Structure formats: structure tokens, C-alpha cells
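Quick notes on the structure that follows.
Protein chains: 2
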Amino acid sequence: MGSFPNRVVDGRSSTSNGGASVVDKGVDFAQYFCTYAFLYHQKEMLSDRVRMDSYFNAIFQNKHHFHEKTVLDVGTGSGILAIWSAQAGARKVYAVEATKMAEHARALVIANNLQDVVEVIEGSIEDVTLPEKVDVIISEWMGYFLLRESMFDSVICARDRWLKPTGVMYPSHARMWIAPIRSGLGDQKMSDYRSAMDEWYGFVDETKTYYGVDMSVLTKPFSEEQRKYYLQTSMWNNLHPHQVIGTAAVVKDIDCLTATVDDILEVRGSVSSSITLENTRLCGFGGWFDVHFRGSKDDPAQQQIELTTAPSINDSTHWGQQGFPFHPPVRVTEGDNLNISFSMNRSKENHRLMEIEFGCEITQCSGNMVPCFRNKFFIE
Amino acid sequence: MGSFPNRVVDGRSSTSNGGASVVDKGVDFAQYFCTYAFLYHQKEMLSDRVRMDSYFNAIFQNKHHFHEKTVLDVGTGSGILAIWSAQAGARKVYAVEATKMAEHARALVIANNLQDVVEVIEGSIEDVTLPEKVDVIISEWMGYFLLRESMFDSVICARDRWLKPTGVMYPSHARMWIAPIRSGLGDQKMSDYRSAMDEWYGFVDETKTYYGVDMSVLTKPFSEEQRKYYLQTSMWNNLHPHQVIGTAAVVKDIDCLTATVDDILEVRGSVSSSITLENTRLCGFGGWFDVHFRGSKDDPAQQQIELTTAPSINDSTHWGQQGFPFHPPVRVTEGDNLNISFSMNRSKENHRLMEIEFGCEITQCSGNMVPCFRNKFFIE
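Taken in order, these protein sequences are the chains called A and B.
Numbering follows full-length UniProt numbering, with no gaps: position 202 of the first sequence is 202.
Numbering follows full-length UniProt numbering, with no gaps: position 175 of the second sequence is 175.
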């Protein structure tokens, strides 16, 4: 055998949970939570200036939401948001963390002399019991393209169980965006796919010649596996704004105070975008998100803060953007209009991963309609 | 949040199973079996000429072991060993595979017109029931440094349940080898570790300056995490024979017909090696394995075949060798003698991964004794 985890050359992520249909806690740990038990990973997030500045400003420019209040931090990780909440004057902060990172968070709380305010609780938010309801729920729950990881489910659960009717959510709102892009990555992936298939055909020939076994029956499933890997898996991207060739559109708008799990189980909609660049290539779509800290209607923020992961020259984030390349690219030009149908569902094998379907119809400024194309993608 | 699986830049493998102390089937699938459900991975193994040739020759140069016999292939994967066994004249072959790869194996069997001989059974060998005992158990169960993956446990279970008293094991014997090596990889890893720590100190300063939180209490656990990752995790290597600077020694010898799980739960021993190169650097140890196809005492092979993963100029394998670098390297020269203590146990977090401890004492040909050093490594 010889599976490849300690061969760094192998970038493939395997996400099957062996067909288990319900969420097994151990499996969920093995596939998901374990990542957050690494300080290395925490450091990556704590070094994300866009992420840090927006939460920092949201808290310290809205101290009235924290002063003498009770706060719940869902998935506190290293404890940074809980510590800031305490520094902003919270009376009590419950910092819940499912992984062993809780021990480091506890040490950090003590080292910063906040042990009288911040209580770190190791456990899943779904399981823990708090002695009181809270005024604020703060959490950094966003995954790639907002919903990957499905962690917002846990925030909703926490909100429904522990937030006072007058309470506020940090962040209070979230949006998913898509926009048409140009990129060389899709071409690269296509050529990677083609070489993988060329290699396969050579492999089939050799196996027949040297070992007397005809492997050609596996060509179709192999090509499907490789298609999924190279052509149907979205890519982490750090897009330059110039790569966005049309207007961006919101495909999902979430009010964190009222959204239910049902509201986010599936994201579906039709949006339109007009090309803003002359004579260019539509290579696919980029997807990103932003979240906002506005407090609540009855208890608004004094300073509204936004955290955006949109393509930016200076302010890139560890989330980057998700790239969904098409094959082949389509020539478009300024004024062309795209009617985009979009649907996102959770992967059957792993509820924290997503499957996305894009449909696109191009109405050229000339009036011609370019036959629409459809593509399915996996966010892994 | 934003964990990194679809960021190919992140090569880190996370292996915690969330502290689950017993082996959870779902977790085991998520962490282990799933890898083998990829045809890409099967192709990697099927393209390993050393692996393929040795099994192919073992079977077809010892047809008397297969002709009109019943065979059990444990972990058949794509089904190649089962198909060869049938082509060598087996009356019946049971090909057991735990993953969905079983479906591809079934298709391959039919495409090669062996459906009357080869029966593919999807399930764990521990769970399946065969209608009869078998004459031969064949399996390619070897992981990095032989025992990683702990798959031999399943072969032992199959043998004790299904092999006739007169039966033979393919392979019949296995050995673990270690040898002193010189390599630049250790220096590289040490400098990677140092840069990671330099980065960390900058991170601690910035977090204090910009965000008012003192992270220095996490410096020790972070450095331990990074030490484990960079300095205590064995590395996949494709060693050139010239990198082996002393005599190789066997640390474990396994008779596949009689070995028990207790025999392989822990591997412990002391071996010696003498340096065979003049004035060189002892940078650590290389570990590899070989297996042999000798049949049994009462029913020996006509042609004994060996599969070795030792350093080689022409015959490298996908297993390569495991590298266990030391810091700092030690100057040694021809005639110096190494007394090496070695122990390998299964990781508490994941029974398919290994923890290794090396101790080494150098008696220089001059008679001087170099203070011994100890190092712990993880095979991940």
C-alpha cells in the first residue's frame, strides 16, 4: 500500500467519510476540528490583518455593546475575540472551543490577566450549558465562500439557545458575492487534466503489455475522478481587481439575528452581471463574501464595520476568493449581459463541504444570445 | 475560520482523531481507507515497477501455489493481485476490499473475463465470511517503513480465520532495516524550523503592538508544535545508495505465517552499524523494508522473490525510504561503530501512525565514545 500523507508532493484532499450518512462526531473531528488544534493554523488566522482589524474595530469602536455585558464567543480558538471583548469592558465572557486549543486559550487569558472575566469552556457549543443568557454572541465562523465548514449552524444553535431577545450578533450580517473573472488558472487546470489522461493511457498500454491486464474499463471512472479534481474543484485564489471583468452580484444575504439553518442549507438564485471590460475572456466566476457589524435594529452599532474578502490590491485575506473556471473560456465585451443561475448545496459525503452549480446565459450587446453553459463545482 | 484543505500550499497532515481512544470505523475511513478509494492513488501503486514486478514474478514463477488453489486477496484495491492469481490458474479467488474501489475491481475482473474465478467482496476483512478456507493469502499490505497503516493486523486476522493449516502467505516474510545516512534534508528542516520561529516572534510583537494581546505564553507550545512538524516528523526520501554511510541493520524480522499482532504492536531492539565512509557526516538514519516470497517450509517457492525498498539508483519505489534526521549532524569516519537503540510504537491518536525513538552511541575507531543522543520521530 503506502498512502501518501507524509509525501508533501501530494496535495490531494480526501474528504469521503466512508459513506456515513449522519454526522459522526469522531469523523467530524478527524475531518474538520482537528485543523483548528494547530497553533500554526491559529497564527495564520491571527496574522490576517483584514480579519483582525475588522473584529478589533468592531469591538473597540462599539464598546457600548460590550461594557458590563455578557458575551459568548463561539469557537474561540486562541481566544482572541473573547479577550478583546473582555478588554472592551465585558462583565463576563464565555469562550467555547471544541478542540484542545481551549487549553491554549485558557493560558492566553491568564497571561493577559483576564481570568476573572473570560471563562474558556472546552466542548461543542451544541453540548455546553451556560449559567445565563448573553447580550452578545461573537464568532468568526466564516469559511471559504462564507458557508464552507457549515460552522454558522453552530452559531445559529448558540443564538437560539443563549442570546437574550435584546441581544446582538457579531457579525450581524453576511453576504455571498459572485462576479465574472478572467484567469489563466482554468487553462492550467485543463492542461493538467489532459496530461493526467495522457499518462493514464500510457499506463493502460503498459499494464496490458507487461502485466497482461486490460485496465481500459477504468478509463471512464478515472477520467471522471480527474475531471472532478482538476476541472470541477474550485480553487483558492487571490484575484487582482483587474481580473474581475463584470459587475459583482450578491447571491445570498444573511441576517445573522434571524437566519435559520434551513435558510442556508441551500443557496439558490438567479443574478445578472454586465461585462465592464472591452473584448476580454470570460474564464469563469469568482466567489467571495463580506460580513458586517451593525449591531441590531434596537441597539445599532455606533461605528458600522465591514469585513470584505473581495479582490483587493492591498487587503488580501487568508480566505482569498474561490475560483470557478469554465472550459473553454468565452469571448465577451463591455455591455454583454450575463444571466447567471447559481445553486449551492452541502456535499452528501461531508456536510461541511459544498457542491455548486453555475449556469450562465450571455446576451451580447449585439442582441445575440450565446448558448448557455452549466458547470458543477466542489468546494473541498 | 477558513481551514486550508483546498489551499494546495498547505502540506500539513492533521491526524488527531479528536482523542477517541478506541478505533472508530467512521474515523478510520475518514483518516485512512478513503485514500484508497481514489483511482489516482491505485494508479500510483500500479505504476510502481518494483512492486508490480515482484508480485507478478512471485505469482507466475510459482504457479504451483496457485494452480487449482483457493486464494484470498486482502485489500485487493483495483483487484490486480486477485486477477493475476486467477490468471496463474487459481480455482477460486476471494478479493476483499473495504472501500468503494471494490466496484472498480469488479468491473476490472469482468473486463478481463475472470468473473467465474474472482469474487470481489466489499467489506472489511474482519467482518466478511468466506464459504471455505483458502490455500493462499496474498496481500500488498506494506506501508511506509513496513508497518505504517497497521494493515498487517488485518492480514493476520484473515490468516487466523481463513488460511488452511497447509496454506502459504504471499509475501511470506518481511524485514525492517535501518542505516546511518548523510543528507541535506535535516539542515533544510532545521532552517525551516528557525524561520518559522523567527516569524512567530515577529507575530508576537505585532499582536502586542497592534492588538494589545500578549501571545508570548504560546511561544513554548508553538515551538513544540513546529519542532514536531519540522524536526520530529520522518520524511519520505528517495535516498541514493551513496547517502548510506554505514552498514544496514535489520530491526525486525517477521514470519507472516506465524507473527501475531502482539509481535508487531511494538518493535524494539538494539543493533550496531559500522561507518563505511571516510570522514563524513552522520545526519540521521534511513528506514526501509523488504518482503520475501518463499512459500512455506512444507510448500516452498520454486522461485524465491524479493521486494526491496532499499536505496537504489534504478529501482526506486513509491514507498521510498523514511528519513530520520538528527540535529546537529555528527562527524564520523570509516570504522566508527554505532550502537543504535530503536523502538517503534503506534501513535495514541491514530493506531495507523507510528512513533519512533532512536538512541545512538558512537564508538570511534580511536576508542573515544561520543556522548549518545536520543531522538523521537513521528511517521505521519
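Each residue gets a CB set at the ideal place from its N, CA and C atoms; glycine is no exception.
Quick caveat, the model's predicted, so the values are computed rather than measured.
- Run down chain A in chain order and give the residues with a C-beta less than 7 Å from the C-beta of Asn-314/B. Near Asn-314/B there are no residues of chain A at all, since even the closest Cβ is about 16 Å away, more than 7 Å.
- Item | Bridge partner(s) assigned by DSSP for Gly-269/A | Phe-342/A
- Query: Which whole-angstrom value is the C-beta distance of Thr-76/A and Ala-58/A, which I expect to be below 8 Å?
  - Reply: Between Ala-58/A and Thr-76/A the Cβ distance is about 16 Å, and since that is not below 8 Å, they are no contact.
- Message: Between which residues of its own chain and Gly-167/A is the CB-CB distance below 6 Å, once the five residues before and five after are set aside?
- Response: Taken in chain order, the residues that qualify are Asp-135.
- Query: Looking only at its own chain, which residues have a Cβ that is under 7 Å from the Cβ of Gln-226/A, when we skip the five neighbours before and after it?
  - Reply: These residues qualify, in order along the chain: Tyr-193, Ala-196 and Met-197.
- What are the partner residues of Lys-252/A, as DSSP defines its beta bridges? Met-176/A
- Item | Beta-bridge partners of Arg-73/A, as assigned by DSSP | Per the sequence shown, the amino acid found at residue 73/A is Asp instead of Arg. Its beta-bridge partners are Ala-95/A and Ile-138/A.
- According to the neighbour-count rule (16 or more other Cβ atoms, all chains shown, within 10 Å of its Cβ), is Asp-127/A buried or exposed? exposed
- Message: With distance defined between alpha-carbon atoms, name the residue in Ser-216/B, Pro-371/B, His-240/B and Asn-337/B nearest to Asp-315/B.
- Response: His-240/B
- Would you list, in chain order, the members of the stretch 78-97 of chain B that have their beta-carbon closer than 7 Å to a beta-carbon of chain C? Within the model displayed, chain C is absent; protein chains A and B are what it includes.
- Query: Mind pulling the alpha helix (DSSP H) runs of 4 or more residues that sit fully within the stretch 44-74 of chain B?
  - Reply: 49-60
- Item | Lys-189/B, enclosing beta strand (DSSP E) - first and last residue | For Lys-189/B, no beta strand (DSSP E) encloses it; the enclosing alpha helix (DSSP H) starts and ends at 185-211.
- Using the rule of at least 16 other Cβ atoms within 10 Å of the residue's Cβ for burial, across every protein chain shown, is Glu-199/A buried or exposed? exposed
- Query: Going along chain A, which residues have a C-beta under 7 Å from Asp-214/B?
  - Reply: Ala-111 and Asn-112
- Counting only beta-carbon atoms, is Val-27/A nearer than 8 Å to chain B? Answer yes: the Cβ-Cβ gap between Val-27/A and chain B drops below 8 Å somewhere.
- Task: State the Cα-Cα distance for the pair Met-52/B and Glu-206/A, rounded to the nearest angstrom.
- Result: A direct Cα-Cα distance of roughly 12 Å separates Met-52/B from Glu-206/A.
- Item | the stretch 81-94 of chain A contacting the stretch 60-72 of chain A, beta-carbon criterion three pairs below 8 Å | Contact between the stretch 81-94 of chain A and the stretch 60-72 of chain A is established, with three or more Cβ pairs separated by less than 8 Å.
- Message: Under DSSP, the alpha helix (DSSP H) around Lys-297/B begins and ends at which residues?
- Response: Where Lys-297/B is concerned, there is no enclosing alpha helix (DSSP H), given that its DSSP letter is neither H nor E.
- Item | Exposed unless 16 or more other CB atoms sit within 10 angstroms - verdict on Glu-97/A | buried
- For chain A, is any of its Cβ atoms less than 8 Å away from the one on Gly-287/B? no
- Item | Contact with chain A by Leu-72/B, beta-carbon distance below 8 Å | no
- Item | Near-chain A residues of the stretch 216-228 of chain B (beta-carbon distance less than 8 Å), N- to C-terminal order | Ser-216, Val-217, Leu-218, Pro-221, Phe-222, Glu-225 and Gln-226
- Report yes if the C-beta distance between Ser-124/B and Arg-352/B is below 8 Å; otherwise report no. no
- Task: Using a Cβ-Cβ cut-off of less than 9 Å, list which residues of the stretch 28-48 of chain B approach chain A; keep chain order.
- Result: Asp-28, Phe-29, Ala-30, Gln-31, Tyr-32, Phe-33, Cys-34, Thr-35, Tyr-36, Ala-37, Phe-38, Leu-39, Tyr-40, His-41, Gln-42, Lys-43, Glu-44, Met-45, Leu-46, Ser-47 and Asp-48
- Message: I want to see whether chain B comes within less than 8 Å of Met-101/A, judged by CB atoms only; does it?
- Response: Not closer than 8 Å to any Cβ of chain B, the Cβ of Met-101/A fails to qualify, so no.
- Query: Name the DSSP beta bridge partners of Asn-279/B, please?
  - Reply: In the DSSP assignment, Asn-279/B is bridged to no other residue.
- Query: Given that Asp-205/B touches chain A, what residues does it touch there, using C-beta distances under 8 Å?
  - Reply: What Asp-205/B touches in chain A: nothing, since even the nearest Cβ is about 12 Å away.
- Message: Could you compute how far the alpha carbon of Gly-323/A sits from the alpha carbon of Ile-275/B?
- Response: Their backbone Cα atoms lie some 54 Å apart in a straight line.
- Item | Beta-carbon neighbours of Leu-108/A, restricted to chain B and to distances below 9 Å | Those within 9 Å of Leu-108/A in chain B are Val-213, Asp-214, Met-215, Val-217 and Leu-218.
- Expressed to the nearest angstrom, what Euclidean distance is found between the alpha-carbon atoms of Thr-280/A and Tyr-230/A? 24 Å
- Pro-165/B - containing beta strand (DSSP E), residue span: 163-170
- Consult DSSP for His-351/B and reduce its assignment to one of helix, strand or coil. coil
- Query: Going straight from the alpha carbon of residue 391/A to that of Phe-285/A, what length do you get?
  - Reply: Summary: the structure shown does not reach residue 391/A, with chain A confined to residues 1 through 380, and so no result is reported for it.
- Message: Suppose you measure from the CA of Val-109/A to the CA of Lys-208/B; what does that come to, to the nearest Å?
- Response: 14 Å
- Test: Glu-140/A CB closer than 8 Å to a CB of chain B: yes
- Where DSSP assigns a beta bridge to Val-332/B, which residues make up the other side? Thr-280/B
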